[in-house]
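*Asks:* Residue numbering for the sequence shown is 434 to 529, as defined by our numbering. Note that beta-carbon positions come from the ideal geometry of N, C-alpha and C, so glycine has one too. As the structure is a prediction and not an experimental result, all values here were calculated from the model.
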Amino acid sequence: MLAVIVQFHIRPAFMDAFAAAIVDNARASRLSEPGCRQFDVCRDPATPQLFFLYELYDDEEAFQAHLATSHFKAMDELTPAWVERKTVWRYQRISP
């Protein structure tokens with residue numbers, strides 16, 4: 434499995450809008466993408482502009498399918514001005 438971890442630092446004026454948009458995106462991913470096994474959206478209570486995503490996909494092909502979905506593209510077009518910084522890590526899940 435492919436684990437994708439994304440950390441977002443969001444501009445303060447957009448934190449609530451980003452939270453709503455990323456939750457909708459995660460829900461759509463879980464419900465409509467057969468290769469998406471998990472999509473967790475987390476937020477740091479001490480630093481509310483810091484968001485953390487943990488996503489699991491069957492493989493690279495499933496992740497590429499995610500990037501091609503209309504809900505991902507809509508999110509990607511909507512939010513660039515909201516994001517101060519974005520970091521993405523990709524890992525091969527080895528257990529369980």
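Do you know offhand how far Glu510's Cα is from Ser503's?
*Replies:* The residue labelled residue 510 in the question sits at position 77 within the sequence shown. The residue labelled residue 503 in the question sits at position 70 within the sequence shown. Using only the alpha carbons, I get a separation of about 10 Å.
*Asks:* With DSSP collapsed to three states, give me the class of Ala453.
*Replies:* Reading the sequence shown from its first residue, position 20 is the one you call residue 453. Helix.
*Asks:* Tell me the rounded alpha-carbon separation between Leu486 and Thr520.
*Replies:* As a first step, residue 486 is located in the sequence shown; it is residue number 53 there, counting from the start. As a first step, residue 520 is located in the sequence shown; it is residue number 87 there, counting from the start. Taking the straight line from one Cα to the other gives about 10 Å.
*Asks:* Less than 8 Å between the C-beta atoms of Val517 and Ile443, yes or no?
*Replies:* Sequence index remark: in the sequence shown, residue 517 carries index 84 (1-based). Sequence index remark: in the sequence shown, residue 443 carries index 10 (1-based). The sequence shown places Glu at residue 517, rather than the Val named in the question. Cβ atoms of Glu517 and Ile443: closer than 8 Å.
*Asks:* Does the Cβ-Cβ distance between Leu435 and Asp492 come in under 8 Å?
*Replies:* The residue you call residue 435 lines up with position 2 of the sequence shown. The residue you call residue 492 lines up with position 59 of the sequence shown. It is a contact, given that the beta carbons lie within the stated cut-off.
*Asks:* Output the boundary residues of the alpha helix (DSSP H) element that contains Gln497.
*Replies:* The residue given as residue 497 occupies position 64 in the sequence shown. Run containing Gln497: Glu493 to Leu500, per the alpha helix (DSSP H) assignment.
*Asks:* How far does the alpha helix (DSSP H) with Asp540 in it extend, from its first residue to its last?
*Replies:* Lying before the first or after the last residue shown, residue 540 is absent from the chain, which here runs from 434 to 529.
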